[in-house]
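K.L.:
These protein sequences, in sequence, are chains A and B. For the first sequence, my numbering puts the final residue at 415, and the numbers step up evenly by one. For the second sequence, my numbering puts the final residue at 830, and the numbers step up evenly by one.
Protein chains: 2
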Amino acid sequence: MTDLKEMGRRAASVKLALQGLSEEEKNSALLAAAKRLKEETGEILAANEKDMEAARKNGMSPGMLDRLRLDPGRIESMAEGLCQIADLPDCIGECMEEFERPNGLKIRKIRVPLGVVGIIYEARPNVTADAFGLCFKTGNAVILKGGSDAIHSNKAIVQALRGALAQCGIPEDVLQLICDTDRAVTVEFMKLKEYIDVLIPRGSAGLIRSVVENSTVPVIETGTGNCHVYVDKDADLDMAVKIIFNAKTQRIGVCNACESLVVHSAVRETFLPKLKEALDEKKVELRGDGRVREVLPDCVPAREEDYGTEYLDYILSLKTVDSLEEAIAHINRYNTKHSDCIVTENPEAAQRFLNQVDAACVYWNASTRFTDGFEFGFGAEIGISTQKLHARGPMGLKELTSYKYTIFGNGQVRG
Amino acid sequence: MTDLKEMGRRAASVKLALQGLSEEEKNSALLAAAKRLKEETGEILAANEKDMEAARKNGMSPGMLDRLRLDPGRIESMAEGLCQIADLPDCIGECMEEFERPNGLKIRKIRVPLGVVGIIYEARPNVTADAFGLCFKTGNAVILKGGSDAIHSNKAIVQALRGALAQCGIPEDVLQLICDTDRAVTVEFMKLKEYIDVLIPRGSAGLIRSVVENSTVPVIETGTGNCHVYVDKDADLDMAVKIIFNAKTQRIGVCNACESLVVHSAVRETFLPKLKEALDEKKVELRGDGRVREVLPDCVPAREEDYGTEYLDYILSLKTVDSLEEAIAHINRYNTKHSDCIVTENPEAAQRFLNQVDAACVYWNASTRFTDGFEFGFGAEIGISTQKLHARGPMGLKELTSYKYTIFGNGQVRG
Numbered sequence: 001m002t003d004l005k006e007m008g009r010r011a012a013s014v015k016l017a018l019q020g021l022s023e024e025e026k027n028s029a030l031l032a033a034a035k036r037l038k039e040e041t042g043e044i045l046a047a048n049e050k051d052m053e054a055a056r057k058n059g060m061s062p063g064m065l066d067r068l069r070l071d072p073g074r075i076e077s078m079a080e081g082l083c084q085i086a087d088l089p090d091c092i093g094e095c096m097e098e099f100e101r102p103n104g105l106k107i108r109k110i111r112v113p114l115g116v117v118g119i120i121y122e123a124r125p126n127v128t129a130d131a132f133g134l135c136f137k138t139g140n141a142v143i144l145k146g147g148s149d150a151i152h153s154n155k156a157i158v159q160a161l162r163g164a165l166a167q168c169g170i171p172e173d174v175l176q177l178i179c180d181t182d183r184a185v186t187v188e189f190m191k192l193k194e195y196i197d198v199l200i201p202r203g204s205a206g207l208i209r210s211v212v213e214n215s216t217v218p219v220i221e222t223g224t225g226n227c228h229v230y231v232d233k234d235a236d237l238d239m240a241v242k243i244i245f246n247a248k249t250q251r252i253g254v255c256n257a258c259e260s261l262v263v264h265s266a267v268r269e270t271f272l273p274k275l276k277e278a279l280d281e282k283k284v285e286l287r288g289d290g291r292v293r294e295v296l297p298d299c300v301p302a303r304e305e306d307y308g309t310e311y312l313d314y315i316l317s318l319k320t321v322d323s324l325e326e327a328i329a330h331i332n333r334y335n336t337k338h339s340d341c342i343v344t345e346n347p348e349a350a351q352r353f354l355n356q357v358d359a360a361c362v363y364w365n366a367s368t369r370f371t372d373g374f375e376f377g378f379g380a381e382i383g384i385s386t387q388k389l390h391a392r393g394p395m396g397l398k399e400l401t402s403y404k405y406t407i408f409g410n411g412q413v414r415g
Numbered sequence: 416m417t418d419l420k421e422m423g424r425r426a427a428s429v430k431l432a433l434q435g436l437s438e439e440e441k442n443s444a445l446l447a448a449a450k451r452l453k454e455e456t457g458e459i460l461a462a463n464e465k466d467m468e469a470a471r472k473n474g475m476s477p478g479m480l481d482r483l484r485l486d487p488g489r490i491e492s493m494a495e496g497l498c499q500i501a502d503l504p505d506c507i508g509e510c511m512e513e514f515e516r517p518n519g520l521k522i523r524k525i526r527v528p529l530g531v532v533g534i535i536y537e538a539r540p541n542v543t544a545d546a547f548g549l550c551f552k553t554g555n556a557v558i559l560k561g562g563s564d565a566i567h568s569n570k571a572i573v574q575a576l577r578g579a580l581a582q583c584g585i586p587e588d589v590l591q592l593i594c595d596t597d598r599a600v601t602v603e604f605m606k607l608k609e610y611i612d613v614l615i616p617r618g619s620a621g622l623i624r625s626v627v628e629n630s631t632v633p634v635i636e637t638g639t640g641n642c643h644v645y646v647d648k649d650a651d652l653d654m655a656v657k658i659i660f661n662a663k664t665q666r667i668g669v670c671n672a673c674e675s676l677v678v679h680s681a682v683r684e685t686f687l688p689k690l691k692e693a694l695d696e697k698k699v700e701l702r703g704d705g706r707v708r709e710v711l712p713d714c715v716p717a718r719e720e721d722y723g724t725e726y727l728d729y730i731l732s733l734k735t736v737d738s739l740e741e742a743i744a745h746i747n748r749y750n751t752k753h754s755d756c757i758v759t760e761n762p763e764a765a766q767r768f769l770n771q772v773d774a775a776c777v778y779w780n781a782s783t784r785f786t787d788g789f790e791f792g793f794g795a796e797i798g799i800s801t802q803k804l805h806a807r808g809p810m811g812l813k814e815l816t817s818y819k820y821t822i823f824g825n826g827q828v829r830g
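1. Are the beta-carbon atoms belonging to A/Ile119 and A/Ala131 less than 7 angstroms from one another?
2. Do A/Pro113 and A/Ser153 have their C-beta atoms within less than 7 angstroms of each other?
3. Within its chain, find whatever has a CB closer than 6 angstroms to the CB of B/Ser680; leave out the 5 residues flanking it on each side and keep chain order.
4. B/Ile611: which of B/Lys560, B/Glu495, B/Leu676, B/Leu436 sits nearest, CA to CA?
5. Taking C-beta pairs closer than 8 angstroms, name the residues in chain B that A/Lys242 reaches, listed in chain order.
6. What separation, rounded to the nearest whole angstrom, lies between the Cα atoms of A/Glu94 and A/Arg111?
7. Between the alpha carbons of B/Arg702 and B/Ser625, how many angstroms are there, rounded?
8. Give the secondary structure of A/Asp306 by DSSP, where H, G and I count as helix, E and B as strand, and everything else as coil.
9. Can you look up B/Arg702 in the DSSP assignment and give me helix, strand or coil?
10. Is A/Asp87 buried or exposed, if buried means 16 or more other CB atoms sit within 10 Å of its CB?
11. Residues of chain B with a CB under 8 angstroms from the CB of A/Ile407: which are they?
12. Given this structure, state the Cα-to-Cα distance separating A/Cys341 from A/Cys91, to the nearest angstrom.
13. On the premise that B/Ala575 lies in contact with B/Ile667, defined as a C-beta separation below 8 angstroms, what is that separation, rounded to the nearest angstrom?
14. Apply the 10 Å Cβ neighbour rule to B/Thr816 and answer buried if 16 or more other Cβ atoms are within range, or exposed otherwise.
15. Closer than 8 angstroms by C-beta to B/Lys450: which residues in its own chain qualify, once you throw out the five before and the five after it? Chain order, please.
16. If the cut-off is 8 angstroms on Cβ atoms, which residues from the segment 609-636 of chain B count as contacting chain A, listed in chain order?
17. From B/Leu607 to B/Val532, what does the alpha carbon distance come to, in whole angstroms?
18. Can a CB atom of chain B be found closer than 7 angstroms to the CB of A/Ser402?
19. Under 9 angstroms, CB to CB, which of the residues in the segment 371-388 of chain A have a partner in chain B?
20. Go to B/Val626, then tell me how far its alpha helix (DSSP H) extends in each direction, as first and last residue.
21. Can you pull the chain A neighbours of B/Leu446, defined as C-beta to C-beta under 7 angstroms?
22. Taking C-beta to C-beta, are A/Thr386 and A/His330 nearer than 7 angstroms?
23. Assuming B/Tyr726 is part of the beta strand (DSSP E), what are its boundary residues?
24. Can you confirm whether B/Arg807, when its beta carbon is compared against all beta carbons of chain A, has any partner nearer than 7 angstroms?
25. Do we get a CB-CB distance below 7 angstroms when we pair B/Asn661 with the residues of chain A?
26. Closest by CA to B/Met479, which one among B/Ala447, B/Leu446, B/Ala538, B/Arg425?
27. Look at the alpha carbon of A/Val127 and the alpha carbon of A/Ile208, and state the distance between them as a whole number of angstroms.
28. Are the C-beta of A/Leu82 and some C-beta of chain B separated by less than 7 angstroms?
29. Going by DSSP, what residues sit across from B/Lys808 in a beta bridge?
30. Could you tell me which of A/Glu326, A/Leu397, A/Ile382, A/Phe370 sits nearest to A/Cys227, measuring between CA atoms?
31. Grouping DSSP H, G and I as helix and E and B as strand, with all else coil, what is A/Gly379?
32. Taking B/Val715 and B/Leu687 to be in contact with their CB atoms under 8 angstroms, please state how far apart those CB atoms are, rounded to whole angstroms.
33. Measure the C-alpha to C-alpha separation of B/Val656 and B/Asn671 and round it to an integer number of angstroms.
34. By the criterion of Cβ-Cβ separation under 9 angstroms, what are the contact partners of B/Asp640 in chain A?
35. Among A/Glu304, A/Ala349, A/Gly383, which residue has its Cα nearest to the Cα of A/Leu397?
36. Going along chain A in order, which residues have a C-beta closer than 7 angstroms to the C-beta of B/Ile757?
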């Protein structure tokens, strides 16, 4: 079985080397890694074909097969992603705050890497290059545990990336892949507290839950999004249709898609038929409460559990409320603290919604689909945090950092 | 058994009320709580006497008994602590960043409470008032689980504080105490992920380890400090003696006390006798390696485990090194990432140490005892984080907050 502690020690052993790299050295290595990925396209595709063949035999679903599949264009995109990360500013070493105490102590708060980041993900080989790029740029060593269905693809990608590192004179162990596909290894990985500073799970709700429940390493929980759009009595109804249509149907399998509509009773009769007309184009199944069904008779009756479900499908739950307060209470009960939106022309109602809805991102008159590191202008994204500790919402490079206090004295002792 | 989910629901139910409080209302409530503590001194002392009696019967150690014991002065101090928290600025609602995207979306990053904070601590009743004050000021509901040995004291303190809240028209459930002393309840508390946003353990290394290992709620790990002072070859040796004397002996039972001295071989012969002379005054036991014992023949031989031990006692381990690099490597191997110090007159050596030692607080020519929220000027402290996620080092009010993004649009959808 894989010696995880040995991998941990190797990650620890490269910390100083990583810290010693200048911004230019890091960026050159990222560009070299991008080049190498493209040069080794043949090897990577051959490895991916092995994974695809096994996955087809095992009856993997078409959606999963599509995520696993690589082609020259997708490898090109991975390489492009690394080049983009090279273009982003380096925040490590930045002085975040500086203050002096009455006793003369000067205190500087300096941005530093987290140290060693562990990433647990499913059979999406593009995450391999992406996670490496983000962690490396922020001076972190990274240990990856990808889905076993993608093991050959991941090995080939990691080999290319490590080759580029070696070529640049950087210790290859800044990037390590756990090749053992045994589940016990994953569980041990989650307990490698001595060596791993933070663990980021990326993938399905089940994967994330398992990491949260089993890990003794601090975890950043990402992902699940049961996102709501609330159509207020003072909404511009055409805008509301446009926003819901986008949030529900532009891409259904993503965490920032809208899963539930909350509608004020005062507008349901005019609004719901308009909405249905638009969503019919994409054959969205509507599941509504009694008052929705008074207006839309062929709507499926919503059950309690519909309001708590992230469908990731062409399905939308609908709930009628009689007030803004009721809308906020409903959303705070069922949301996953990811992204929720109010559509209204009333600034007071909007501000109240923005204040009181407990979510990483709360929107006034815009689609929830904007919750994304690129759309926020971060230039990169390692995931979307749905917890409140450390980082909330889209996580870019800065969210992969910590800080240390450096304190400058001239012999001060405590009285 | 205590219905923890019901407590969780109650904590959730007061979030909006908490959020609706102005800075003035929060401060008035803190002052009312301080007044009430003083008014109920008699009841609190009577309850504390019950705990003390039981603890004496159970053979509690004198150190622990001292921590459990209350007297009018200590209740006065708790009240004073609440008044000091009232004096600190309110950071909730602050706009931390604001930016506009090319599509016209305006994004504001707003400081918000964490939500519901859980605190697990040992038999120190002063933590009860202190933790309430810090959490309340930052708009967090708090659920406390104190040591069972302090249960009567904690109940009396919580009753006084909740009485003051009620008097101010604030829902008492912003502060709840788990009264059940059954260990199974504590374990269930650590899994109350649905209701608790963060869990902060305060106490011994054993307590903290247990919380880290059992909790599915995000934890902020606080506390253990195996702090080092490194005396460089270019140190001002008198300053080094003064710093180590302070860091080792000013208060021995605290996490920022010095537990280990690392000395450059070039100065050991002149430095160690000076140091011993000073530490002899406090009868500090020295445990050193062979080269230390060449200079100090009656020094106890250090074993490997001495370098990893947080003594919290009048004991100091001593290690000789031949270079700054060796000192840094030794410290990074054995420290708990809390606080470490270099004593040197050489700015290059100092900067290298500050950069390369992996700890929350790294000192140049000052005592490690300054790692403390009050000494840093934060005005308050909920603990000292030894992890890198969320907060590192002394945690004041801001470290009890999170943020949310509020996004202002005019109908934007994602293309």
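We treat Cβ as the ideally placed atom computed from N, Cα and C, and that holds for glycine. Nothing here was measured: the structure is a model prediction, and the numbers come from that model.
P.N.:
On the basis of the supplied data:
1. Result yes, Cβ atoms of A/Ile119 and A/Ala131 sit closer than 7 angstroms.
2. One thing to note: A/Pro113 has its Cβ no nearer than 7 angstroms to the Cβ of A/Ser153.
3. Closer than 6 angstroms at the Cβ level, and outside the excluded window around B/Ser680, lie Thr735, Asp737.
4. The residue with the shortest Cα to Cα distance from B/Ile611 is B/Lys560.
5. Going along chain B in sequence order, the residues near A/Lys242 (Cβ under 8 angstroms) are Gly826, Val828.
6. One C-alpha to the other measures close to 5 angstroms.
7. Going by the C-alpha atoms only, they are around 30 angstroms apart.
8. Here A/Asp306 sits in helix by DSSP.
9. Three-state result, B/Arg702: strand.
10. Under the 10 Å beta carbon count, A/Asp87 is surrounded by fewer than 16 other beta carbons and is classified as exposed.
11. Per Cβ cutoff of 8 angstroms: Cys776, Val777, Tyr778, Trp779, Ala781, Phe785.
12. Each residue's Cα considered, the two are about 32 angstroms apart.
13. About 33 angstroms; that fails the 8 angstroms criterion.
14. Around the CB of B/Thr816, 16 or more other CB atoms lie within 10 Å, so the residue is classed as buried.
15. Excluding the 5 residues flanking it on each side, B/Lys450 has same chain C-beta neighbours closer than 8 angstroms at Ala494, Ala579, in chain order.
16. With the criterion set as a beta carbon lying under 8 angstroms from some beta carbon of chain A, the members of the segment 609-636 of chain B are Asp612, Val613, Val627, Glu628, Thr631, Pro633, Val634, Ile635, Glu636, in sequence order.
17. Rounded to the nearest whole angstrom, the CA to CA distance from B/Leu607 to B/Val532 is 11 angstroms.
18. Taking 7 angstroms as the CB threshold, A/Ser402 lines the interface with chain B.
19. Under the 9 angstroms Cβ criterion, the segment 371-388 of chain A contributes Thr371, Asp372, Glu375, Phe376, Gly377, Gln387, Lys388.
20. B/Val626 -> alpha helix (DSSP H) spans 620-629.
21. At a beta-carbon threshold of 7 angstroms, none of the residues of chain A lie near B/Leu446; the nearest stands roughly 26 angstroms away.
22. No, Cβ-Cβ distance for A/Thr386 and A/His330 is not below 7 angstroms.
23. Unbroken run through B/Tyr726: none, as it is neither H nor E.
24. At least one chain A Cβ lies under 7 angstroms of B/Arg807.
25. Closer than 7 angstroms to some Cβ of chain A, the Cβ of B/Asn661 qualifies, so yes.
26. Minimum Cα distance to B/Met479 is reached at B/Ala538.
27. Going by the C-alpha atoms only, they are around 16 angstroms apart.
28. Nearest CB-CB separation between A/Leu82 and chain B: not below the 7 angstroms threshold.
29. Inspection of the sequence shows that residue 808 of chain B is occupied by Gly rather than by Lys. B/Gly808 is bridged to B/Ser800.
30. Ranking A/Glu326, A/Leu397, A/Ile382, A/Phe370 by Cα distance to A/Cys227 puts A/Phe370 first.
31. In the three-state scheme derived from DSSP, where H, G and I count as helix and E and B as strand, A/Gly379 is classed as coil.
32. So it is not a contact: roughly 14 angstroms between Cβ atoms.
33. Whole-angstrom Cα-Cα distance: 17 angstroms.
34. Note on residue identity: the sequence assigns Gly, not Asp, to residue 640 of chain B. Neighbours of B/Gly640 on chain A: none; closest Cβ ~14 angstroms, over 9 angstroms.
35. Cα-wise, what sits closest to A/Leu397 is A/Gly383.
36. Chain A residues near B/Ile757: none, gap ~11 angstroms exceeds 7 angstroms.
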